[in-house]
Amino acid sequence: MENIIVRKAVLSDLESLLRFEQGVIMAERPYDPTLKQGPTRYYDIEGMFDAPHIELLVAVSGNVLAGCGYARIETSKPYLQHRQHAYLGFMYVEPTHRGQGINKLILDALADWARSKGIFELRLDVYYGNEPAIKAYEKAGFSRHMIEMRKGLTV
Numbered sequence: 058m059e060n061i062i063v064r065k066a067v068l069s070d071l072e073s074l075l076r077f078e079q080g081v082i083m084a085e086r087p088y089d090p091t092l093k094q095g096p097t098r099y100y101d102i103e104g105m106f107d108a109p110h111i112e113l114l115v116a117v118s119g120n121v122l123a124g125c126g127y128a129r130i131e132t133s134k135p136y137l138q139h140r141q142h143a144y145l146g147f148m149y150v151e152p153t154h155r156g157q158g159i160n161k162l163i164l165d166a167l168a169d170w171a172r173s174k175g176i177f178e179l180r181l182d183v184y185y186g187n188e189p190a191i192k193a194y195e196k197a198g199f200s201r202h203m204i205e206m207r208k209g210l211t212v
């Protein structure tokens, strides 16, 4: 395994990050019949670079971007014990680099960033049927917490 470095994303990473975004969308389409068909975007990647409440990280193997993820500080519901939490998203590892612990390195670095901001709760969403992702997050210390349910109505 080559040495993996996790660092803050920079504008010159944008082309790879846009490709990673399509990888996330393609991986999630089988779990979500409500996604638009054809090209779509999930994230305002360009807006993440300078946002003070977002940490966008990339994992680099040699000189190749291998994965990414972000943490975004959000206000928690008023009935929760914590005032704020870090929402994690855009978690992606290139297929050729999977199984090398890159996701965990990114998660750990995002957790360190959250702690440095006084945040001690991490949250993320994962599709119910996406067992590989669920197992990866459980391996990193996350626990299943809540199930969001939906029902489509006929027009």
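Numbering (the numbering used here), first residue to last: 58 to 212.
Quick reminder that beta carbons are idealized off the backbone N, C-alpha and C, glycines included.
Just so you know, these numbers come straight off a predicted model, no measurement behind them.
Just to confirm, are residue i and residue j a CB contact at a threshold of 9 Å?
| i | j | result |
| --- | --- | --- |
| Glu112 | Leu75 | no |
| Asp70 | Leu122 | yes |
| Ile130 | His142 | yes |
| Tyr149 | Phe77 | yes |
| Val183 | Ile176 | no |
| Gly146 | Leu92 | no |
| Gln79 | Ser118 | no |
| Gly209 | Pro87 | no |
| Ile82 | Ile159 | no |
| Glu178 | Ser133 | yes |
What is the DSSP secondary structure of residue i, counted as helix, strand or coil?
| i | result |
| --- | --- |
| Tyr149 | strand |
| Val81 | helix |
| Ser200 | coil |
| Glu178 | coil |
| Arg98 | coil |
| Glu131 | strand |
| Lys65 | strand |
| Tyr194 | helix |
| Leu122 | strand |
On the criterion of 16 or more Cβ atoms from any shown chain inside 10 Å, does residue i qualify as buried, or is it exposed?
| i | result |
| --- | --- |
| His202 | exposed |
| Ala66 | buried |
| Tyr99 | exposed |
| Ala171 | buried |
| Tyr136 | exposed |
| Ile102 | buried |
| Ile163 | buried |
So residue i and residue j are in contact, right, with Cβ under 8 Å, and what is the actual spacing, rounded?
| i | j | result |
| --- | --- | --- |
| Arg64 | Val115 | 6 Å |
| Lys161 | Ala197 | 5 Å |
Considering only heavy atoms of the ligand SAM, does any lie closer than 8 Å to the CB of residue i?
| i | result |
| --- | --- |
| Val212 | The ligand SAM is not part of this structure, which contains no ligands at all. |
Given 8 Å, three or more beta-carbon pairs between the region 126-133 and the region 167-182: yes
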